[in-house]
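Protein chains in written order, with our numbering: chain A, 2 to 639; chain B, 2 to 639. Note that beta-carbon positions come from the ideal geometry of N, C-alpha and C, so glycine has one too.
The following block contains the structure:
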């Protein structure tokens with residue numbers, strides 16, 4: 002690596018750089034890379050299951066659990082290590098994420114001391130392979146409406162877990178089809194004929210010999226678009242009895258008479274508090290999406306740097322793909338956005354670490370902010386991954402279609418990231434709802450559709466709140482040139498002001514619109530639904546602003562001048578290509594003039610050309626070990 | 002089917018409706034559908050090879066060959082039948098397309114009577130499985146620069162086919178890895194030390210027993226993102242000798258002394274004439290992309306019509322996905338564009354049939370127009386397929402990720418359509434170059450990059466030329482309301498005028514820009530490259546306009562009033578969602594006011610809501626037999 006790429010990598014690696022370096026050294030492709038795809042599903046699953054055991058021995062997974070329960074208590078490091086697995090094999094990343102992150106996370110965060118003592122040692126060393134059985138065939142996004150029941154039977158002091166119908170079958174459950182021995186089953190808790198809402202119960206699903214437990218029917222989801230190493234399956238329960246102690250009882254408990262108690266009275270708030278503790282899954286998926294995106298871009302940019310096609314008239318040599326403007330446009334703004342998202346991800350991981358490491362005393366505001374940020378970054382990062390990996394595949398032509406060149410697996414494996422750990426469209430609505438949070442007291446319950454008829458107060462100011470770069474951003478915005486200024490689109494304050502202004506306007510007009518419609522339209526669903534595209538646009542604008550601010554903060558903290566200068570251009574490209582893609586909105590709302598809009602397009606072209614000589618440096622700085630990139634795309638054929 | 006869906010289907014089916022109906026009846030899924038994906042690559046390939054033989058017996062493939070050579074001479078019917086295969090299994094469609102369309106097409110169109118008599122019977126009945134060996138590892142888009150040589154040896158009256166280096170290896174060749182017995186090899190023809198440009202030579206690659214012929218090295222491309230039933234491979238030739246008679250000599254011949262002759266003097270014109278005869282491949286890919294898109298939309302719309310999630314406050318029942326505005330926005334504009342593209346495809350197939358059925362006397366203008374249209378529709382239809390199938394996968398959530406629900410295969414199989422038969426970015430540049438055709442005499446050769454320094458004449462008028470609906474379109478445009486008229490975005494003349502105006506302006510400014518830059522900038526490549534994004538935007542705008550006009554023509558010819566009225570709304574949605582996605586351009590260029598721009602967005606939302614009750618009818622009208630759609634997505638789980 003050159004000094005420049007090392008300096009860039011330092012910025013990209015962020016606070017958990019040492020974990021990333023460990024992963025680069027330890028996760029050798031021979032042990033942790035994907036097998037030959039011709040191996041078949043069953044062999045692939047077996048290999049990944051073995052890799053999970055190998056991984057347990059590296060000590061990375063133990064980071065995700067606190068020292069008191071046998072872990073090493075480095076939450077940020079844990080999520081970072083998982084992110085790095087995304088460079089090795091996404092099947093392994095997801096399989097590990099399901100076992101340690103979701104199953105282990107449920108036991109750690111929803112359980113209490115007795116569960117920790119009984120189960121966490123076997124979870125940490127992977128001797129008790131687990132599943133996270135939340136999603137059902139009929140319910141994925143609306144988890145509050147799950148159909149599985151967990152009914153307390155005071156006669157035997159047991160909980161009876163039951164699947165009433167096909168829609169309530171647990172579906173897509175990672176680990177269910179082959180390896181899982183125990184499942185964290187989310188179900189409607191019932192005692193004495195009363196429903197207490199969704200809670201989580203530990204249910205053994207296989208015995209030591211691997212046979213399904215009595216009353217448990219296990220199905221196999223079969224072949225999927227990708228993630229062939231993950232054994233997704235289906236679980237149905239026929240009156241399956243487990244001891245009362247199997248209820249993960251941190252947020253809701255039953256006594257021996259079936260009396261229910263909870264530290265949180267409001268059932269909806271309780272439910273979302275429980276879900277909120279599981280936020281690391283979303284952050285990990287965003288991280289994995291970033292890893293897959295960086296791998297794809299490294300392959301496509303490297304290929305475009307040696308692949309030639311068409312000689313200009315009279316020229317002896319053909320032109321490199323990366324010298325074509327359309328090719329630069331396909332790849333370089335995506336590189337810039339990938340930088341921006343990596344820096345936002347780093348900030349998010351830091352926020353998670355700080356909020357969740359503070360233990361029980363985590364302030365509610367911090368937790369809410371964390372959840373909203375995780376939802377937003379997850380949605381935007383996974384959407385970016387899908388679009389970018391697709392673009393990379395196409396940019397490599399027929400070569401990009403061959404499995405040996407990895408792009409097909411990157412695309413297929415990451416494709417479901419836009420769906421699992423929260424469908425992106427649903428998550429963006431959550432983000433927007435978070436922005437309307439100050440109005441919440443007038444919304445009533447936190448349900449998705451009832452958020453209308455709220456008060457009159459303008460809240461735009463409240464939105465633009467703390468990010469790491471707030472002070473710096475305020476100074477830059479304060480000196481931003483006006484609408485008709487001579488200053489070009491390269492002014493950072495102007496870019497920031499434009500992002501902020503868009504978010505503020507979208508929020509203000511959304512609030513007004515919902516309030517106005519709420520007055521005349523009695524159907525709350527219709528009101529919210531009419532505005533749904535506005536809601537999603539607001540959420541995107543919000544995340545784009547946060548991501549830009551993370552970029553600005555990272556540049557400010559970069560001590561290497563050459564790297565900081567290059568990062569400045571990359572940040573310009575992120576900001577201006579984002580503005581360009583929303584130029585219809587900016588023009589419609591008189592935020593930019595037509596002349597300025599054309600300047601933005603010209604500036605994006607100029608930035609692509611200016612960054613082109615640094616393109617290889619920019620992807621090298623992702624720091625993906627060469628061995629992990631072993632494909633035919635890296636080298637020019639002789 | 003209801004009367005309405007039948008009437009819609011009649012419009013969509015177009016001129017070759019009877020061929021589509023035959024295919025619906027004959028291509029039963031048991032025989033022609035995909036096998037279980039767990040079958041493994043080799044078994045899949047074997048099954049598809051067998052299906053090719055079954056297909057030969059249906060008589061559909063014979064349509065593609067003229068009666069004189071043993072076919073049934075229905076070119077339009079041939080392409081239509083291939084399009085319908087896209088509903089069954091895209092592996093089979095591509096495998097069949099390679100054998101009959103590309104290999105058979107090369108022999109029929111580039112060969113002469115002796116080749117027809119010797120080879121076409123075995124091609125038509127599939128007893129001589131063939132490959133189309135054009136693309137090389139180092140050259141895909143720039144086929145004129147292929148490295149394989151075909152050198153005449155007057156001593157033996159043979160042609161020596163040779164692969165000089167790895168970059169000149171034939172790559173991605175369908176049929177090469179397993180089944181192909183003969184390849185149509187594109188190579189630089191050399192005789193007496195002189196290069197005559199790229200020609201096609203028939204080279205046996207396997208003997209009857211399936212062993213590689215002496216001097217032929219056959220490789221396997223291995224697993225791909227999709228199309229597992231197609232045996233793509235690599236071919237290298239080491240001084241492989243074939244008789245001189247194996248040169249397909251319609252456009253370039255050698256006599257026994259190695260003297261070269263051709264009916265076309267200009268080598269570049271000769272080359273593009275040869276390529277031009279193969280235009281059916283592109284048209285077939287556009288058709289197959291349409292079939293895959295329609296299947297995906299039928300699945301996603303049907304699913305969204307029974308899948309529920311989230312109950313509004315106080316409501317007993319959850320909301321259907323298709324009642325959510327964001328969900329309507331994901332699927333319904335895509336349905337409208339799919340309608341539009343089907344109608345444009347029908348027009349294209351008709352044009353191809355008429356131009357190519359006229360035999361040798363085909364006028365050059367008609368042929369040029371056909372090639373440009375095929376390139377443009379192929380690029381736009383395959384890009385639309387990639388985006389839409391992705392959206393459908395996501396719209397079906399986790400269920401969309403399961404192989405049993407077909408969306409993964411539709412996505413993976415069709416993904417390469419944006420690349421093969423011409424990379425879309427390259428094709429769009431071809432389209433734009435076609436639009437600058439009146440300036441061509443000043444361009445010099447037809448090479449891709451030398452299109453600068455052309456004359457001064459404005460040519461915009463020349464672009465807006467014949468489509469089926471020209472008279473009608475002119476009348477509608479003439480009565481279009483002005484920029485600030487009270488008439489809403491629903492006015493068809495206004496929509497048409499906006500599409501036309503955009504195309505004209507993009508072309509005028511591109512011509513001016515290239516001319517101006519050409520004066521001051523001596524580097525022709527730099528000039529063209531700087532404008533490359535403008536070039537591609539122009540091409541898209543041109544195709545969008547053609548597609549809209551095809552839609553307008555189809556509505557005008559629809560005799561069923563209810564269907565015509567519904568098609569009018571679908572056409573509005575196509576037109577307005579297209580305008581909406583380019584609203585930045587329209588605003589930037591003062592073509593619409595900000596207020597009008599917002600009206601367009603509102604109109605798209607309103608149209609989605611208005612079409613929502615007809616969504617199932619609209620996809621049912623695609624006429625895909627229920628058996629071909631057998632997935633878990635069609636029925637609500639009990």
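Sheet register partners of residue i (DSSP bridge)
| i | result |
| --- | --- |
| residue 237(B) | 218(B) |
| residue 80(A) | DSSP lists no partner for residue 80(A). |
| residue 189(A) | 150(A), 199(A) |
| residue 96(A) | Answer is none; residue 96(A) lacks a bridge partner. |
| residue 571(B) | Paired residues: none, contrary to the question. |
| residue 207(A) | 213(A) |
| residue 255(A) | 261(A) |
| residue 133(A) | 185(A) |
Alpha carbon of residue i to alpha carbon of residue j, nearest angstrom
| i | j | result |
| --- | --- | --- |
| residue 437(A) | residue 281(A) | 24 Å |
| residue 495(A) | residue 329(A) | 25 Å |
| residue 623(B) | residue 599(A) | 41 Å |
| residue 419(A) | residue 384(A) | 6 Å |
| residue 498(A) | residue 374(A) | 20 Å |
| residue 1(B) | residue 588(B) | Lying before the first or after the last residue shown, residue 1(B) is absent from chain B, which here runs from 2 to 639. |
| residue 139(B) | residue 319(A) | 11 Å |
| residue 533(A) | residue 563(B) | 31 Å |
| residue 256(B) | residue 136(B) | 28 Å |
| residue 48(B) | residue 407(B) | 18 Å |
| residue 313(B) | residue 323(B) | 15 Å |
| residue 55(A) | residue 357(A) | 27 Å |
| residue 422(B) | residue 154(B) | 32 Å |
| residue 386(B) | residue 38(B) | 22 Å |
Distance between beta carbons of residue j and residue i, contact taken as under 8 Å
| i | j | result |
| --- | --- | --- |
| residue 223(A) | residue 404(B) | 6 Å |
| residue 16(A) | residue 77(A) | 7 Å |
| residue 293(B) | residue 634(B) | Not quite, the Cβ-Cβ distance comes to about 15 Å (not below 8 Å), so this is no contact. |
| residue 86(A) | residue 171(A) | Contact flag wrong, Cβ pair sits at about 25 Å. |
| residue 602(B) | residue 581(B) | 6 Å |
Beta-carbon spacing of residue i, residue j below 9 Å
| i | j | result |
| --- | --- | --- |
| residue 317(A) | residue 179(A) | no |
| residue 346(A) | residue 378(A) | yes |
| residue 104(A) | residue 2(A) | no |
| residue 106(A) | residue 278(A) | yes |
| residue 376(A) | residue 428(A) | yes |
| residue 46(A) | residue 230(A) | yes |
| residue 190(B) | residue 197(B) | yes |
| residue 697(B) | residue 334(B) | This structure cannot settle anything about residue 697(B), because the visible part of chain B is limited to 2 through 639. |
| residue 413(B) | residue 409(A) | yes |
| residue 25(B) | residue 626(B) | yes |
| residue 174(B) | residue 233(B) | yes |
Option in the options with minimal Cα separation from residue i
| i | options | result |
| --- | --- | --- |
| residue 252(A) | 238(A), 241(A), 268(A) | 268(A) |
| residue 260(B) | 284(B), 325(B), 200(B), 193(B) | 193(B) |
| residue 109(B) | 237(B), 40(B), 402(B), 276(B) | 276(B) |
| residue 547(B) | 568(B), 412(B), 503(B), 141(B) | 503(B) |
| residue 617(A) | 432(A), 311(A), 295(A), 500(A) | 295(A) |
| residue 542(B) | 118(B), 529(B), 586(B), 81(B) | 586(B) |
| residue 243(B) | 225(B), 186(B), 340(B) | 186(B) |
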